[in-house]
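In what follows, a single structure is set out as structure tokens and then discussed.
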Amino acid sequence: MTSPVDTIQRFYDALERGDVPGVLATLNEKIEWTEAERFPYYTGTWLGPQAVFDNLLAQVANDWDGFAATPSDYIVDGNRVVALGTYTGTYRKTGRDISVPYAHVWTVSGDTLLKFVQYTDTAKVLEALR
């Protein structure tokens with residue numbers, strides 16, 4: 025059986041490769057995805073992989089060069105995992121770079137991701153957009 029951290033790492037690995045089908049394959053069909061309020065792509069909680077693709081993945085691919093969400097540590101409590109890491113990338117319209125820490129709170133169901141909540145310094149991300 026795959027561990028929760030292994031499942032989450034598959035997501036980050038696919039994201040790093042730009043493997044959208046691989047990213048979507050890690051998401052449970054009932055995933056609840058919530059970006060931090062005031063994050064550029066926040067519009068509430070999205071339900072399902074297609075909503076995550078439409079509202080986040082496609083937008084990030086369009087807006088950023090070299091965007092990465094790189095985990096550096098995991099805190100595990102059963103099927104709930106906090107991934108600590110750093111966002112990096114260059115916002116295309118301004119040419120500004122970011123290096124912003126994040127905490128991603130995941131709930132894992134079997135070998136898929138059921139819930140995601142993002143915590144990050146949205147002000148630092150928004151600075152790159154201006």
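Counting the sequence shown from 1 gives a position; the numbering used here is that position plus 24.
We put the CB at the ideal spot given by N, CA and C, even for glycine.
For clarity, every value in this text was computed on a predicted model and none was experimentally measured.
DSSP three-state assignment for residue i, whether helix, strand or coil
i	result
A93	strand
K117	coil
R104	strand
T31	helix
F140	strand
Y98	strand
T67	coil
E40	helix
Euclidean distance between Cα positions of residue i and residue j
i	j	result
V100	P28	8 Å
T110	G134	26 Å
N79	F63	12 Å
D145	Y126	7 Å
K139	L81	16 Å
Y65	T58	10 Å
Q142	W70	12 Å
N52	A93	20 Å
Y36	V47	8 Å
Whether residue i touches residue j by CB criterion (8 Å)
i	j	result
A85	P95	no
V129	V149	no
Sheet register partners of residue i (DSSP bridge)
i	result
Y111	A93 and V124
V76	V76 pairs with nothing; no bridge assigned.
Beta-carbon proximity list for residue i, same chain, < 6 Å, skipping 5 on both sides
i	result
R34	T50
Y98	V29, V105 and A107
T26	D135
Own chain, CB closer than 7 Å to residue i, minus 5 neighbours either side, in chain order
i	result
P45	none
R116	D87, W88 and D89
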